[in-house]
Every structure is written in C-alpha cells, then in structure tokens.
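In order, the protein sequence lines correspond to chains A and B. For the first sequence, position 59 (counting from the first letter as 1) is numbered 81 according to our numbering, and the numbering increases by one without interruption. For the second sequence, position 90 (counting from the first letter as 1) is numbered 112 according to our numbering, and the numbering increases by one without interruption. A virtual CB, placed ideally from N, CA and C, is assigned to each residue, including glycine. Remember, predicted model here, so these are calculated numbers, not experimental data. This report refers to the structure that appears directly beneath it.
2 protein chains.
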Amino acid sequence: MSSEDFLLTNFNAAQLRSNCATCSLRELCLPVGLNDQEIQILGKVVSQQKKIRRGGYLYRASTNFQALYAVKRGSLKTCILEEDGRQQITGFHMTGDLLGLDAISNESHICDAIALENSELCEIPFSKLEEISRIIPTFMHHFHKIMSREIVRDHSLMLLLGGMKAEERLASFLLNISSRLAIRGYSESSFNLRMTREEIGSYLGLKLETVSRAFSKLQSEAIISVNYKHIEIHDLERLKLKMGNASCTT
Amino acid sequence: MSSEDFLLTNFNAAQLRSNCATCSLRELCLPVGLNDQEIQILGKVVSQQKKIRRGGYLYRASTNFQALYAVKRGSLKTCILEEDGRQQITGFHMTGDLLGLDAISNESHICDAIALENSELCEIPFSKLEEISRIIPTFMHHFHKIMSREIVRDHSLMLLLGGMKAEERLASFLLNISSRLAIRGYSESSFNLRMTREEIGSYLGLKLETVSRAFSKLQSEAIISVNYKHIEIHDLERLKLKMGNASCTT
DNA sequence: CGCCTTTTTGATAGCCGTCAAATTTCGTGG
DNA sequence: CCACGAAATTTGACGGCTATCAAAAAGGCG
Chain A
23 MSSEDFLLTN FNAAQLRSNC ATCSLRELCL PVGLNDQEIQ ILGKVVSQQK KIRRGGYLYR
83 ASTNFQALYA VKRGSLKTCI LEEDGRQQIT GFHMTGDLLG LDAISNESHI CDAIALENSE
143 LCEIPFSKLE EISRIIPTFM HHFHKIMSRE IVRDHSLMLL LGGMKAEERL ASFLLNISSR
203 LAIRGYSESS FNLRMTREEI GSYLGLKLET VSRAFSKLQS EAIISVNYKH IEIHDLERLK
263 LKMGNASCTT
Chain B
23 MSSEDFLLTN FNAAQLRSNC ATCSLRELCL PVGLNDQEIQ ILGKVVSQQK KIRRGGYLYR
83 ASTNFQALYA VKRGSLKTCI LEEDGRQQIT GFHMTGDLLG LDAISNESHI CDAIALENSE
143 LCEIPFSKLE EISRIIPTFM HHFHKIMSRE IVRDHSLMLL LGGMKAEERL ASFLLNISSR
203 LAIRGYSESS FNLRMTREEI GSYLGLKLET VSRAFSKLQS EAIISVNYKH IEIHDLERLK
263 LKMGNASCTT
C-alpha cells in the first residue's frame, strides 16, 4: 500500500476523534484555505488531543522531533535556556498556533514548550505532513506560508528587542495579545494575561520590575487599567501611539 | 505539457549557464543532500546570475515576491525600516545563503536586500521550487530544514538582543562571522568586515559608538586586533568566554 | 588629490538593572 | 471551607551601562 493510499484510507473510529473538519479552529489553524476533501485527508493524520496540565511540558529541548503541535485549547510558552542559566521566552502560543517549526532543522527540539494553563493539543506527525504536502500542492504552499510567517514574526520581535524602550515594548506586547484575542472572537480590550511579569519580561528583554513599572506608567496615563493579571485597554489609539510603530501581527 | 515534463525537459544552451552541478557552492547552498540527477533538475530552474553593485538593491520591501535568491558571490544585508524611521538589519548574508524566505507569507517582500559589495545571485522562482518539492521529497524536506534553520537563527539573535551586554553581543557577532568564514574555507581568525559600525550596531541593537567602544575594549584586552574593517582574532577561546554562551551557528 | 564617509574617543544624561521590602494573590493541605 | 506559606506584584533607592552630543582623525571613492 502506497503512502498515498494509506492517507486516503479511513482509520478506525477510535482514531477519528480529532476531526479537523468539525473543529472550531478550522479558520485559524492548519486547514485554512483547504477544501473539504483536503481537510478530510489532513484530519486523518492528526491524532487525538494531547492534554498538558499547567506547568507541564509538551516537549523539551534536545528531545527527538517527531511531530508538530497545534494548540486546540489553552496556551503555552516556548523558551530557550542557555548553559549559563540565561533564558529567553521565544513566544506565547494560543489556540490555532502551530508549535515545533524550529525543530525541523536539527530533527530535535531546541526549546522547551510549557503549558501556561491546562491545555489540549493536536499532534501532526511531520513525516505525514510532508506526505500530504506532496499530494496537495495547496497544502504545501500554505505550510510554507506558515513557516514564513514565523520568520516574519521573529523579525518583528527582533525590531522590538533591538530598538524599543520598555514602555514601547509593553505597548507592542499588549497590542499583539489584543489583536490575537480579537481574531479568536474574544474582547480586544479586556482580558486576563496567562503569564507572569517575569515571563513577559523574558519575552520582551526586560526585567520583571521594569515590566511592572511600565504597566503602572500606562495605567497612570489612563491608557490601561491593570489589576494583577487582568488588563483593560481604555484607549487603543493612544496605546498604538506609545510604540513609534511596530508590527503587531500574529 | 505537464509541469513535471517541463522540469525534466532541457532548456536551450543560453539558459543553462548557472549550473548547480558544477557550482563550487554545491555543499553550502540549496543542492546539499541531493543526488546528481536531482541537482540537474534543480539547475534547470535556477536562472542566470543576477549582478548587483555595491549599495544596489536585490529587492525592496513591499515589492512583489516571485523568487528566492542564493548568494553566488559577494554579500548582502537585509533590513526592515519602519514608518517612523526606525531601522533594523535582520541579517548579513554570504555565499550560499538563501534570501527571501520571509516574503513567502505575504507574497511580498517585507525587507530590503542591499549588496554590501559587488555581488552575484542565483534566482530560483518560488513556484518552480514548490514544483520540484513535489517531485523530489528529499528536496522538499531539505527546504523545510532550511526554513526551520532560519527560525532557529532568528531565535539566537533574539536571545542576544534580549539579554546580552554590548561586549557579549560583539563577541557573539565576531564568532558568528568567523565560523561562517571557516565553513567557506576562509581564515577564521583574520578577515575584513564588509559592513560599517553603524550596520553592525543596527544588527546588534546598539549604537555605532557603542560598537566602536566594544571593539576597542576587546583590543585593549589583546583578544582581537582591530584596524578599521580588518579584524584579527588572537584568542578564540577567550572571545568565546566573553559571551556567557550563545549559539553562533549559521 | 580632495571631499565625504567612517571610525574613534570623550563627556554627560537617562534608562534600566539590581537590591530590597511590603503587599496581594494563589495553591496546597488541613 | 479555611488557613497557611510560597509565589507574584508593586514600589523605592541607587548604580551601571548605553545613548546622545560633540569633535577630531583616518580612510575611501570619484
């Protein structure tokens, strides 16, 4: 049986649980732009939800790379930690986001992926993803776009880390979270952060005290309200002015 | 004629000039890991050398994306510039490096690519690259690894920008250049930089004066010698100690 | 050969990191 | 359900690193 036949054959009922066709994240996740038949094919290689409790690891650096993961529910952080103890968070990931793209190059993970809250993930074996790519050109092209988008996202963060001041970085961060929540149908102006000040600082290249001070500053200017992890954005326009500019896509 | 037939058919002699099979960069560039026949196929879609004079643009931000480029000779920088004038160099590219991966996501370039010296580039139409990917699974996998490596490279830079001090950043930068030159068969300890202090600063998130001071500091410690653009590394080990650590791959 | 760019070095100011302590929240176990 | 302890957050004071402004010297391109 060729791999193509394999992909076109139905699995048994038990394995059909995670069905991309009926998933509420169709429009955010890997299936974007595929037609119904193509989504069927994709759905067959996506395995059942993997549950990770808050603080648990989805994968660890230096472990073998086998699959990409899509966030079905919850949120995660990915972080690199250096031998000398230096650590940096490279991204916060919410529903529909794809994790593990950095592991393709060495066939082993280079960062840890840790759940910020109890989460569920869909597992996509990478070899199967490449098989589908050969069968469905649309899918291959879309996957290339997703990888490219990750590069663009990283470049935005490099711009932030390379040139912005603390307050600009935080404004940029809040606008990024806000727009991503909006895309997912949540409020863009009222939300709870899932990460600590220290994690935000690690992501933005700042110390946690500086992050806290920047929050206080924005609050004192009546642009936002901060109550521990709960954020209210009162003036989106003025918040945008806080960063000279900067892409808040993704 | 199907696209596959098209790829397997010979072009006329005039278009065969840039032949991957006989290129000295075979082991550094896209053909890595391909067999002879596969390299033949690739060679047929890679068009003749494109020459860019020092200071000239290979492509500009917001222009239409059609092709990836491989550096055949010379070197380039890629930089994003924001509406408010903020600018950041996202990478320096030498022979064998692939440019344009960030443009796939939007089908338009998001950065400028400018030659640091007179350079030659090979052009690979992206649609053709995806066609080859369908025909040669090895090639598709290799291409995915290249994109992933770009993400890993960006994460290294994020780590640098997020946490390192000026001297650590410069040490990291010099070691990166050194190792890349070594891979290409040049001296790892004696070389000429192609970029200005300002460009190095833009890449490292520092002002040009700070870069200059960091050079002077390393020289005063007898770790390197600096004579304008000419650098001699006297003590590679101590230079490595200067950055607490950090990946200097790529 | 001459002008313009690049580089170096100095002085000063401002932002952020560091250390410290108080307050609140959250998780765990009784 | 409540209570306790650990973790997270906020705020203040101070110091260090880097940006900024300025000027001189060296190099490179036409």
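Problem set entry | Closest Cα partner of GLU220(B) within the set ARG235(B), GLU210(B) and TYR81(B) | ARG235(B)
Exercise. Looking only at its own chain, which residues have a Cβ that is under 6 Å from the Cβ of GLY223(A), when we skip the five neighbours before and after it?
Worked result: LYS229, LEU230 and VAL233
For this session: Give a yes or no on whether the minimum CB-CB distance between PRO147(B) and chain A is below 8 Å.
Result: Not one chain A Cβ lies under 8 Å of PRO147(B).
Problem set entry | Limits of the beta strand (DSSP E) - the one that LYS9(B) falls within | Outside the displayed span of chain B (23 to 272) sits residue 9(B), for which this structure offers no information.
Exercise. What are the uninterrupted segments assigned as beta strand (DSSP E) that are 3 or more residues long and contained completely in the region 109-156 of chain A, given in chain order?
Worked result: Taking only runs of at least 3 residues, the beta strand (DSSP E) segments lying wholly in the region 109-156 of chain A are 109-115, 134-137 and 141-147.
Exercise. Whole beta strand (DSSP E) runs in the region 193-269 of chain B with 3 or more residues, listed along the chain?
Worked result: 212-214, 246-249 and 252-255
Exercise. LYS187(B): which of LEU143(B), GLN59(B), MET265(B) and GLU152(B) sits nearest, CA to CA?
Worked result: MET265(B)
Exercise. Any idea which residues DSSP pairs ALA89(B) with across the strands?
Worked result: PRO147(B)
Exercise. Does any residue of chain A bring its CB to less than 8 Å from the CB of HIS163(B)?
Worked result: yes
For this session: Determine the burial state of LEU80(B): buried for a count of at least 16 other Cβ atoms within 10 Å of its Cβ, exposed for fewer.
Result: buried
Exercise. How about LEU196(B) and ILE111(B): are their beta carbons less than 8 Å apart?
Worked result: no
Exercise. Are any of the Cβ atoms in chain A nearer than 8 Å to that of GLY55(B)?
Worked result: So no, GLY55(B) is outside the interface.
Exercise. So, does the CB of LYS262(B) fall closer than 8 Å to a CB anywhere in chain A?
Worked result: no
Exercise. Which residue from ALA43(A), LYS72(A) and GLY78(A) puts its Cα closest to that of GLN62(A)?
Worked result: ALA43(A)
For this session: Give me the Cα-Cα distance between MET169(B) and ALA244(A), rounded to the nearest whole angstrom.
Result: Pairing MET169(B) with ALA244(A), the inter-Cα distance amounts to about 43 Å.
Exercise. So what does DSSP say about ARG95(A), is it helix, strand or coil?
Worked result: strand
Exercise. Per the contact definition of three or more C-beta pairs closer than 8 Å, is the region 200-220 of chain B in contact with the region 142-155 of chain B?
Worked result: no
Problem set entry | LYS94(B) versus LEU50(B) - alpha carbon distance | 10 Å
For this session: Give the C-beta separation of GLY113(B) and LEU183(B) to the nearest angstrom, bearing in mind that I take them to be a contact with Cβ-Cβ under 8 Å.
Result: Under the criterion of beta carbons closer than 8 Å, GLY113(B) and LEU183(B) do not qualify as touching, at roughly 13 Å.
For this session: For chain A, find out if any of its Cβ atoms is closer than 8 Å to the Cβ of THR112(B); answer yes or no.
Result: Yes, because at least one Cβ of chain A sits closer than 8 Å to the Cβ of THR112(B).
For this session: Determine the DSSP secondary structure at ILE158(B), reduced to helix, strand or coil.
Result: coil
For this session: With DSSP collapsed to three states, give me the class of GLY185(B).
Result: helix
Exercise. Hey, is GLY118(A)'s beta-carbon within less than 8 Å of any beta-carbon in chain B?
Worked result: No, because no Cβ of chain B sits closer than 8 Å to the Cβ of GLY118(A).
Exercise. Under a CB-based cut-off of 8 Å, is SER130(B) close to chain A?
Worked result: no
Exercise. DSSP three-state call for LEU64(A): helix, strand or coil?
Worked result: In the three-state reduction of the DSSP assignment, LEU64(A) falls in the helix class, which pools H, G and I.
Problem set entry | Exposure of ILE82(B), with buried meaning 16 or more beta-carbon neighbours within 10 Å | Looking at the sequence provided, one finds Arg at residue 82(B) rather than Ile. Residue environment for ARG82(B): exposed (fewer than 16 other C-beta atoms within 10 angstroms of its C-beta).
Exercise. ILE168(A) bridges to which residues according to DSSP?
Worked result: Note: ILE168(A) sits in no beta bridge, so no partner.
Exercise. Can the beta-carbon of ILE154(B) be found closer than 8 Å to that of LEU64(B)?
Worked result: yes
Exercise. Is THR160(B) buried or exposed, if buried means 16 or more other CB atoms sit within 10 Å of its CB?
Worked result: THR160(B) sits exposed, since fewer than 16 C-beta atoms from the chains shown fall within 10 Å of its C-beta.
Exercise. Under three-state DSSP, which class holds CYS101(B)?
Worked result: strand
Exercise. To which residues of the same chain is ASN7(A) closer than 6 Å at the C-beta, ignoring the five residues directly before and after it?
Worked result: No answer is possible for residue 7(A): the residues shown for chain A start at 23 and end at 272.
For this session: Taking a Cβ distance cut-off of 8 Å, strictly less, list which residues of the region 56-81 of chain B are near chain A, in chain order.
Result: none
Exercise. Relative to the alpha-carbon of SER178(B), which residue among TYR225(B), CYS45(B), LEU120(B) and ALA137(B) has its alpha-carbon at the smallest distance?
Worked result: TYR225(B)
For this session: Below 8 Å on the Cβ atoms is my guess for ALA137(A) versus ARG76(A); work out the distance and round it to an integer in Å.
Result: Contact between ALA137(A) and ARG76(A) is confirmed by a C-beta separation of about 6 Å, below the 8 Å threshold.
For this session: Answer with buried or exposed for ASP176(A), where buried requires no fewer than 16 other C-beta atoms within 10 angstroms of its C-beta.
Result: buried
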